[in-house]
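Asker: Quick one: this structure, given as structure tokens, is what I'll be asking you about.
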Amino acid sequence: MIDIKLLRDRPEVVRASQRARGEDEGVVDAVLEAEQRRRRSLTAFEQLRAEQKSLGKEVAKAQGEEKQALLARTKELSQHVKDLQAEADAAQAELDSLLLSIGNVIIDGVPSGGEDDYVVLEEIGTPRDFAAEGFEPKDHLELGEALDAIDMGRGAKVAGARFYFLKGQGARLEMGLLSLAVRKAIEAGFTPVITPTLVNRRTMAGAGFIDAHLEEVYHLPADDLFLTGTSEVALAGLHTDEVIDLSSGPIRYAGQSTCYRREAGSYGKDTRGIIRVHQFNKIEMFVYCRPEDAEAEHDRLLQMEKDMLALIDVPYRIIDTAAGDLGGPAARKFDCEAWVPTQGRYRELTSTSNCTTFQARRLNTRFKRDTEGGPRNEVAATLNGTLATTRWLVAILENHQQADGSVVVPEGLREAVGLDVLTPVR
RNA sequence: GGAGGUGUCGCCUAGUCCGGUCUAUGGCGCCGCACUGCUAAUGCGGUUUGGGUUUAUCGCCCAUCGAGGGUUCAAAUCCCUCCACCUCCGCCA
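Using my numbering, read the first sequence as starting at 10 and increasing by one per residue.
Right, here's the structure in full:
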């Protein structure tokens with residue numbers, strides 16, 4: 010949820026953000042109007058409520074005929090107060106639903122437009138020239154099957170399409186990758202966390218995954234619980250309704266969890282292999298900090314991702330995602346996309362978002378700031394970023410394959426995986 | 001799954017049976033001031049959170065006793081639903 014004070018004081022900033030996202034900017038005026046209505050109805054209610062309370066005290070003291078007269082007055086007043094309260098509640102609800110419909114205000118510099126309007130910030134590494142090496146690269150599934158590392162068929166048998174088994178060298182590769190990511194995070198001062206993967210409605214909504222992503226989310230109606238598509242959700246909810254201590258700097262977590270996504274509306278897309286699946290594992294960084302530190306923290310998260318990608322040694326590029334492709338909570342998002350040889354294009358491996366105060370406002374996570382007028386509670390900023398996922402195996406397998414179908418484990422991963430080369434078993 | 005108990009403004013706690021004097025008691029902690037070689041002790045004052053009004057303050061007002069409904073002129077207090085925690089029973093990878 011955006012800050013209504015910002016919208017009130019500088020509506021043009023919110024309008025510009027909405028425009029860049031390709032969203033309705035008229036909602037800004039609707040909010041201003043709803044806010045007026047809310048204040049008017051609230052004032053009316055509060056005045057009458059104050060009168061009701063003071064009359065109530067007289068009733069308590071009065072006797073006999075006087076009491077009866079007061080009761081008559083106050084009964085009438087009671088209904089009036091209820092009506093005004095209902096009006097004020099309705100105005101508040103209307104305001105809230107308008108505010109919830111507005112995405113986070115983008116940060117200056119974020120490119121306008123949609124999915125294809127990203128800006129490439131940096132390209133790192135050079136794709137291998139397989140033609141010059143004299144062989145046709147195999148895709149990750151063909152490699153994975155020959156290594157007996159990936160089994161899609163049995164995944165489908167047990168659970169359905171887009172499910173899979175990782176086994177043997179495949180399981181070792183993933184476990185090594187994830188444990189290396191956690192180790193790097195710990196070295197950088199992050200606290201490792203294993204999170205719940207089922208969360209309640211408030212947490213899911215607060216993290217921003219119910220409005221736009223409802224179709225994407227597995228829901229268990231019997232318990233009204235939601236399977237999370239990333240540990241970001243649980244980590245965002247970790248400090249709900251708390252005042253956290255940021256006096257000695259940002260709080261940095263590295264969450265490990267299995268992630269569940271319905272992938273509704275992606276029928277026919279990436280149906281082969283483990284690029285787009287219903288279940289995968291991920292190490293996710295999550296930071297709470299003061300709003301003024303958020304952009305620096307964002308750069309830090311991106312640097313963590315770059316360091317991690319350097320360890321798996323694949324060519325990749327960094328893009329600054331366009332406003333229309335940010336999703337509601339993010340004010341800016343950088344994706345790192347690795348080169349996938351058999352697709353001849355870059356595919357997302359990491360994504361780091363600066364959500365500023367958007368998530369924390371919904372989840373009521375604040376910190377104490379000392380000001381001249383004394384300590385004040387202020388909404389914290391949150392950021393998240395990927396440090397490793399199952400999908401990374403795709404880039405590792407394809408970029409490090411050899412003509413005989415074996416795969417060289419990148420140097421930086423060898424110790425964690427415990428293998429130098431993955432060898433075909435058939 | 002069943003039975004019982006608990007939930008009060010940082011922590012502990014009074015109040016709930018029997019609705020109005022609760023503008024929620026007291027202690028601890030914390031903050032400020034005073035006193036004092038320093039510290040401690042002592043004394044005085046302050047100390048939930050959100051919102052409205054005014055916005056330069058002070059102030060005044062409303063909401064908030066786990067959450068949400070209800071009864072009532074009036075709810076921390078009575079009723080209902082839900083949530084969390086504790087004890088016991090049952091079941092169980």
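Using N, Cα and C, we set each Cβ at its ideal position, and we do this for glycine too.
1. Mapping DSSP to helix, strand and coil, what is THR359?
2. When you compare each of PRO419, ARG375 and ALA53 to ASP250 by their alpha carbons, which one comes out closest?
3. With H, G and I counted as helix, E and B as strand and the rest as coil, what does DSSP make of GLY333?
4. Tell me whether GLN72 is buried or exposed, calling it buried when 16 or more other Cβ atoms sit within 10 Å of its Cβ.
5. Give the secondary structure of VAL128 by DSSP, where H, G and I count as helix, E and B as strand, and everything else as coil.
6. Using only CA atoms, which one of GLY282, PRO230 and LYS315 lies nearest to GLU132?
7. Given this structure, state the Cα-to-Cα distance separating HIS149 from PHE343, to the nearest angstrom.
8. Report the start-end ranges of each beta strand (DSSP E) in the region 386-414 that is 3 residues or longer and not cut off at the edges.
9. Name the two residues that bound the continuous beta strand (DSSP E) containing SER266.
10. When you compare the CB positions of ASP329 and VAL128, do they come within less than 8 Å of one another, or not?
11. Does the beta-carbon of GLY179 have 16 or more other beta-carbons within 10 angstroms, so that it is buried, or is it exposed?
12. From TYR269 to LYS66, what distance separates their C-alpha atoms?
13. Which of helix, strand or coil does DSSP assign to GLU251?
14. What is the DSSP secondary structure of ARG24, reduced to helix, strand or coil?
15. Hey, how far is the Cα of GLN56 from the Cα of SER87?
16. In this structure, how does DSSP classify PHE367 when only helix, strand and coil are distinguished?
17. Spell out the partners DSSP gives ALA347 in its beta bridges.
18. Can you name the start and end residues of the beta strand (DSSP E) that PHE289 belongs to?
19. Once you ignore the five residues that flank GLY246 on each side, which residues in its own chain have a CB closer than 7 Å to its CB?
20. Only counting the same chain, and skipping five residues up and downstream in sequence, which positions put a Cβ closer than 8 Å to that of GLU60?
21. Using C-beta distances below 6 Å, list every residue in its chain close to SER362, excluding the 5 sequence neighbours before and after it, in chain order.
22. Given this structure, state the Cα-to-Cα distance separating ILE321 from VAL403, to the nearest angstrom.
23. Straight-line CA distance for PHE54 to ASN386?
24. To the nearest whole angstrom, what separates the beta carbons of PHE172 and ALA165, a pair I think is in contact under 8 Å?
25. May I ask you to report which of helix, strand or coil DSSP gives HIS228?
26. Just the C-alpha distance for ALA412 and ARG423, rounded to the nearest angstrom, thanks.
27. In terms of residues, what are the limits of the alpha helix (DSSP H) holding ARG192?
28. I'd like to know whether the C-beta atoms of LEU189 and ALA425 end up nearer to each other than 8 Å.
29. Indicate whether VAL194 and PRO205 have their beta-carbon atoms separated by less than 8 Å.
30. Ignore the nearest five residues each way along the sequence and tell me which others in ILE405's own chain have a CB closer than 6 Å to its CB.
31. Indicate the three-state DSSP secondary structure (helix, strand or coil) for ILE283 in the structure shown.
32. Alpha carbon to alpha carbon, how far is LEU41 from VAL388?
33. What number of angstroms, rounded off, separates the C-alpha of ARG400 from the C-alpha of VAL323?
34. Do ALA263 and LEU358 come within 8 Å of each other at the CB atom, strictly closer than that value?
35. Checking the sheet assignment: what are the DSSP bridge partners for PHE235?
36. Any idea what DSSP makes of THR52, helix, strand or coil?
Answerer: Looking at the coordinates:
1. In this structure, THR359 counts as strand in the three-state DSSP scheme.
2. For ASP250, the nearest C-alpha among the options comes from ARG375.
3. Helix at GLY333.
4. By the neighbour-count criterion, in which 16 or more other beta carbons inside 10 Å mark a residue as buried, GLN72 falls on the exposed side.
5. Of the three classes helix, strand and coil, the one that applies to VAL128 here is strand, per DSSP.
6. Out of GLY282, PRO230 and LYS315, the CA that lies nearest to the CA of GLU132 is found in LYS315.
7. Between the alpha carbons of HIS149 and PHE343 lies a distance of about 25 Å.
8. The beta strand (DSSP E) runs lying completely inside the region 386-414 and spanning 3 residues or more are 390-398, given in chain order.
9. Per DSSP, the unbroken beta strand (DSSP E) holding SER266 starts and ends at 260-269.
10. Yes. Within cutoff.
11. Counting Cβ neighbours within 10 Å, GLY179 comes out buried, since at least 16 surround it.
12. Distance between the alpha carbons of TYR269 and LYS66: 57 Å.
13. It is coil, neither helix nor strand.
14. ARG24: helix per DSSP, three-state reduction.
15. The alpha-carbon of GLN56 is positioned some 13 Å away from that of SER87.
16. Helix at PHE367.
17. Within the DSSP secondary-structure output, ALA347 pairs in a beta bridge with TYR325 and ARG356.
18. First-last of the beta strand (DSSP E) with PHE289: 288-298.
19. Same-chain partners within the cutoff: VAL208, THR212, GLY215, ALA216 and LEU372.
20. The answer, listed in chain order, is LEU86.
21. The answer, listed in chain order, is ALA339, LYS342 and ASN393.
22. CA-CA distance, ILE321 to VAL403, rounds to 11 Å.
23. The alpha-carbon atoms of PHE54 and ASN386 are separated by roughly 27 Å.
24. Confirmed, Cβ separation roughly 6 Å.
25. Correct three-state label for HIS228: strand.
26. The alpha-carbon atoms of ALA412 and ARG423 are separated by roughly 20 Å.
27. Run containing ARG192: 178-196, per the alpha helix (DSSP H) assignment.
28. Yes, Cβ-Cβ distance for LEU189 and ALA425 is below 8 Å.
29. Note on identity: in this sequence residue 194 is Ala, with Val being the wrong assignment. Contact: no.
30. Once the five neighbours on either side are set aside, the close Cβ partners of ILE405 are ILE321.
31. Reduced to three states, the DSSP call for ILE283 is coil.
32. Whole-angstrom Cα-Cα distance: 22 Å.
33. Between ARG400 and VAL323, the C-alpha separation is close to 13 Å.
34. No.
35. Residue pairing by DSSP puts PHE235 in a beta bridge opposite VAL208 and HIS228.
36. Here THR52 sits in helix by DSSP.
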